[in-house]
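Top line first, the protein sequences correspond to chains A and B.
When you line the first sequence up against this note's numbering, it's residues 5 to 349, in that order.
When you line the second sequence up against this note's numbering, it's residues 5 to 349, in that order.
Don't be surprised by glycine CBs; every beta carbon is placed ideally from N, CA and C.
Protein chains: 2
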Amino acid sequence: MRTVTIADVAKHAGVAVSTVSYVLSGKRAISATTSQRVMRSVRALGYHPNAGARALASKRSNVIALVLPLRAGMHLPVLMQFATSVVTTARQFDHDVLLMTADEGPDGLRRVAASALVDGLVLMDVEIHDPRVPLLRELGEPSVLIGFPADPTGLTCVDLDFARAGAECAEHLATLGHRHIALLGAPRVVYERGTGYAERTMEGFLEAARGHGATTIALPCEEGFDEVSATVTTLLADHPELSGLVVHNEAAVDHVLGTLRMLGRRVPEDVSVIAICPDDVAERASPPLTSVAIPAADVGHQAVRLLMAKLDGSFVPDATLLAPRLTVRQSTGGQITGGQSTGER
Amino acid sequence: MRTVTIADVAKHAGVAVSTVSYVLSGKRAISATTSQRVMRSVRALGYHPNAGARALASKRSNVIALVLPLRAGMHLPVLMQFATSVVTTARQFDHDVLLMTADEGPDGLRRVAASALVDGLVLMDVEIHDPRVPLLRELGEPSVLIGFPADPTGLTCVDLDFARAGAECAEHLATLGHRHIALLGAPRVVYERGTGYAERTMEGFLEAARGHGATTIALPCEEGFDEVSATVTTLLADHPELSGLVVHNEAAVDHVLGTLRMLGRRVPEDVSVIAICPDDVAERASPPLTSVAIPAADVGHQAVRLLMAKLDGSFVPDATLLAPRLTVRQSTGGQITGGQSTGER
DNA sequence: CAGCCTCATCGAAGCGCTTCGACGGACGTA
DNA sequence: TACGTCCGTCGAAGCGCTTCGATGAGGCTG
Numbered sequence: 005m006r007t008v009t010i011a012d013v014a015k016h017a018g019v020a021v022s023t024v025s026y027v028l029s030g031k032r033a034i035s036a037t038t039s040q041r042v043m044r045s046v047r048a049l050g051y052h053p054n055a056g057a058r059a060l061a062s063k064r065s066n067v068i069a070l071v072l073p074l075r076a077g078m079h080l081p082v083l084m085q086f087a088t089s090v091v092t093t094a095r096q097f098d099h100d101v102l103l104m105t106a107d108e109g110p111d112g113l114r115r116v117a118a119s120a121l122v123d124g125l126v127l128m129d130v131e132i133h134d135p136r137v138p139l140l141r142e143l144g145e146p147s148v149l150i151g152f153p154a155d156p157t158g159l160t161c162v163d164l165d166f167a168r169a170g171a172e173c174a175e176h177l178a179t180l181g182h183r184h185i186a187l188l189g190a191p192r193v194v195y196e197r198g199t200g201y202a203e204r205t206m207e208g209f210l211e212a213a214r215g216h217g218a219t220t221i222a223l224p225c226e227e228g229f230d231e232v233s234a235t236v237t238t239l240l241a242d243h244p245e246l247s248g249l250v251v252h253n254e255a256a257v258d259h260v261l262g263t264l265r266m267l268g269r270r271v272p273e274d275v276s277v278i279a280i281c282p283d284d285v286a287e288r289a290s291p292p293l294t295s296v297a298i299p300a301a302d303v304g305h306q307a308v309r310l311l312m313a314k315l316d317g318s319f320v321p322d323a324t325l326l327a328p329r330l331t332v333r334q335s336t337g338g339q340i341t342g343g344q345s346t347g348e349r
Numbered sequence: 005m006r007t008v009t010i011a012d013v014a015k016h017a018g019v020a021v022s023t024v025s026y027v028l029s030g031k032r033a034i035s036a037t038t039s040q041r042v043m044r045s046v047r048a049l050g051y052h053p054n055a056g057a058r059a060l061a062s063k064r065s066n067v068i069a070l071v072l073p074l075r076a077g078m079h080l081p082v083l084m085q086f087a088t089s090v091v092t093t094a095r096q097f098d099h100d101v102l103l104m105t106a107d108e109g110p111d112g113l114r115r116v117a118a119s120a121l122v123d124g125l126v127l128m129d130v131e132i133h134d135p136r137v138p139l140l141r142e143l144g145e146p147s148v149l150i151g152f153p154a155d156p157t158g159l160t161c162v163d164l165d166f167a168r169a170g171a172e173c174a175e176h177l178a179t180l181g182h183r184h185i186a187l188l189g190a191p192r193v194v195y196e197r198g199t200g201y202a203e204r205t206m207e208g209f210l211e212a213a214r215g216h217g218a219t220t221i222a223l224p225c226e227e228g229f230d231e232v233s234a235t236v237t238t239l240l241a242d243h244p245e246l247s248g249l250v251v252h253n254e255a256a257v258d259h260v261l262g263t264l265r266m267l268g269r270r271v272p273e274d275v276s277v278i279a280i281c282p283d284d285v286a287e288r289a290s291p292p293l294t295s296v297a298i299p300a301a302d303v304g305h306q307a308v309r310l311l312m313a314k315l316d317g318s319f320v321p322d323a324t325l326l327a328p329r330l331t332v333r334q335s336t337g338g339q340i341t342g343g344q345s346t347g348e349r
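Written as structure tokens, this is what we have:
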């Protein structure tokens with residue numbers, strides 16, 4: 005069963021090769037009758053254009069690269085959600101996705117760009133001082149970053165507005181009357197690396213809390229049960245007045261709840277808890293958590309949309325910040341304003 | 005900055021285009037001096053072969069497809085580990101990886117195969133009655149499956165030996181003197197779908213336990229805290245003699261431990277717990293869990309290795325089962341043989 | 001020293017597709 | 001009726017690479 009070429013289709017339909025090409029691409033007007041005849045032949049023969057030949061002739065591979073980081077402290081499920089949404093969206097634009105890990109380093113990007121394997125790049129989890137950023141500028145390959153480097157000028161970046169997310173958490177708690185609130189963040193390494201989103205969340209949280217006159221504490225938080233447990237226990241012992249907790253660390257969410265359960269602190273009666281995590285994590289927790297969603301699918305979708313626009317030569321904004329969405333579930337409740345915290349015993 | 009072609013390299017080195025090609029591919033003997041001259045030019049000009057042209061001329065794209073399932077009950081982190089190990093290994097063989105989701109369906113596979121976009125396929129999480137399997141047979145595209153369908157003849161399959169994994173868990177507990185042991189498995193949907201590994205684990209567990217004269221229970225297990233908690237609580241209430249628990253459900257592991265803590269059952273003094281999960285999950289738990297590792301990286305690596313062998317025309321075995329590795333940590337301990345369970349109160 | 005190999009290199013023919021310029025016929029206009 | 005337009009289609013020239021057969025220069029052999 006030799007593979008079917010465009011020449012086979014042309015012969016079968018009784019037209020020129022170029023006509024078939026134009027029918028398929030729509031780049032020139034072809035009469036309805038011819039068009040139909042060609043399409044019938046395409047189906048009859050089960051024709052699929054050869055990707056290599058197409059890429060060679062058109063200088064477009066219809067493939068985009070997705071570059072994943074793979075660093076410590078990354079939350080794998082979220083990465084995976086990003087990835088699948090990128091693939092799905094790319095397919096809607098008739099593109100495929102080449103998966104790359106950042107551990108090939110700059111040469112990897114260079115190789116892929118120079119060999120014309122891909123038409124553009126989506127880079128995930130970009131850090132404040134990301135070594136890939138200068139290279140990207142140098143290559144001039146169309147690209148979209150998920151996350152924000154220190155200097156995003158001339159690049160196209162998308163991300164959840166983490167500062168706003170942190171702020172909304174603080175505001176939600178403040179509105180419920182909580183005066184003493186804390187943020188449990190990502191593992192320490194994430195901050196040390198300068199991973200923008202963790203810091204921006206914290207800043208947004210602190211600023212908003214301050215604006216509402218609440219006292220605040222913000223701590224990094226490791227991911228093992230014992231570590232989380234120790235952190236939470238100490239935190240509550242040192243600050244008995246605490247009545248609101250924001251957890252921006254998906255792996256730690258369940259452990260925080262477990263620890264509170266262990267300590268006999270009821271949620272939300274004694275402590276209100278709000279998480280910044282994917283919805284499914286929040287829904288599956290006990291009690292279901294009030295949360296700000298990490299819209300992995302949206303971000304992935306937007307990233308691809310923007311990249312496609314760039315490939316079309318359209319103008320796209322430098323920065324796209326997705327507005328956070330807070331969903332109230334059963335882990336946050338009111339607090340007697342100005343009164344003493346019921347969290348004290 | 006026009007892109008550098010093989011002709012540029014040839015001119016720069018003062019040789020024919022074909023000579024450059026042969027130097028790069030090693031398919032014909034080229035003298036050392038010429039070879040060096042060419043390589044110098046390649047580096048000087050920063051030459052990278054055009055992927056499309058190469059694919060067109062050689063009928064090999066040097067790209068393999070990785071097809072992910074994306075079904076309910078899948079454990080995303082493990083998928084991600086597979087994926088990255090596939091990418092890393094593929095790169096070692098000078099191949100790239102195209103990421104596909106199964107939701108494009110059979111047509112997706114057909115398209116990719118027919119368009120010569122990829123040289124071969126790695127399919128993850130194959131089920132007993134997987135619709136992709138017959139298609140694969142039809143396409144005749146080189147492929148490797150991760151997981152085992154009902155009839156694996158003529159295919160190449162890799163997976164952890166889950167039956168053995170289940171058996172080792174039972175044996176470990178039996179050896180420690182536990183006479184009454186239970187398995188908490190995957191969510192119900194996973195069994196209903198006929199996802200081989202879940203059933204094979206259970207069968208291996210049951211058979212080995214029986215062989216050691218232990219009484220057994222095996223239950224599916226959902227992933228939310230409340231559901232896990234209810235399941236475990238009921239299980240222990242109904243079977244107070246239970247002293248050993250095998251958990252084959254990564255998302256539930258922490259919840260099981262949390263529930264035991266809540267019930268006042270100490271691990272391992274009152275109940276021994278053994279998990280089938282990635283090592284990092286086991287290590288981070290409290291206490292660190294005795295576990296059989298899910299060797300995601302190994303499986304991914306083997307899958308690619310096998311695929312590359314097939315692409316080279318080498319013979320490869322139909323089935324490759326990876327031997328499970330049990331690591332004893334702090335969650336399993338001895339039981340007074342024949343005596344009454346300390347799990348009873 | 002003719003004849004034959006071998007080794008290193010070259011030239012040219014595709015691989016299957018896109019795209020550009022050309023061309024013929026139908027139609028409208030003068 | 002003659003001419004200019006426009007529409008739909010065709011043919012051919014690449015795109016950058018691999019690969020096959022050919023070629024020429026040495027080195028052996030008898």
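Per DSSP, the beta-bridge partners of T105/B are L72/B. Around the beta carbon of F319/A, fewer than 16 other beta carbons lie within 10 angstroms, which makes this residue exposed. If you check the CB distance, V116/B and A69/B come in under 8 Å. Taking a Cβ-Cβ cut-off of 8 Å, the neighbours of L80/A in chain B comprise L80, P81, M84, Q85, given in sequence order.
Any Cβ of chain A closer than 8 Å to the Cβ of S45/B would place that residue at the interface, and such an atom is absent. DSSP places S62/B in the uninterrupted alpha helix (DSSP H) bounded by 55 to 62. Below the 8 Å Cβ cutoff, chain B contributes V67, D100, V101, L102, L103 as neighbours of L102/A, in chain order. Residue nearest to D100/A within the set D284/B, G112/B, V91/B, C161/B is G112/B (criterion: CA-CA distance).
Non-local C-beta neighbours of R47/B in its own chain, meaning closer than 7 Å and more than five positions away in sequence, are absent. A residue is called buried when at least 16 other Cβ atoms come within 10 angstroms of its Cβ; S62/B does not meet this threshold and is exposed.
Per DSSP, H16/A is one residue of the alpha helix (DSSP H) stretching across 10 to 17. Residue environment analysis places E142/B among the exposed positions, since fewer than 16 neighbouring C-beta atoms fall within 10 angstroms of its C-beta. Assigned with DSSP and collapsed to three states, T157/B falls in coil, not helix or strand. For D322/A, none of the residues of chain B pass the 7 Å Cβ criterion, the least Cβ distance being about 24 Å.
For the C-beta of N253/A, not a single chain B residue is nearer than 9 Å; the gap to the nearest is close to 13 Å. Those residues of the region 288 to 309 of chain B placed with their C-beta closer than 8 Å to a C-beta in chain A are R288, A289, S290, ordered along the chain.
Residue-level contact check: D230/A touches chain B, since one or more beta carbons of chain B fall below 8 Å from its beta carbon. Under the Cβ distance rule, E145/A does not count among the residues neighbouring chain B, no pair being separated by less than 8 Å.
With a threshold of 8 Å between beta carbons, A55/B makes contact with chain A. At least 8 Å separates the CB of R269/B from every CB of chain A. Between G30/A and A20/A, the alpha-carbon positions lie close to 15 Å from each other. For T92/B, the chain A residues whose Cβ falls inside 8 Å of its Cβ are T105, D107, in order along the chain. A Cβ-Cβ distance of about 20 Å is found for the pair P292/A and Q339/A, leaving them out of contact under the 8 Å criterion. Within the DSSP secondary-structure output, D163/B pairs in a beta bridge with L325/B.
In this structure, I132/B lies near P153/B, with their beta-carbon atoms less than 8 Å apart. The distance from the Cβ of N66/B to that of D123/B is about 7 Å, consistent with a contact at the 8 Å cut-off.
In this structure E273/B is exposed. Its beta-carbon is surrounded by fewer than 16 other beta-carbon atoms within 10 angstroms. In the three-state reduction of the DSSP assignment, V67/A falls in the strand class, which pools E and B. At the C-beta level, N253/A and L177/A stay beyond 8 Å of one another. In the structure shown, S318/B adopts coil according to DSSP, grouped into three states.
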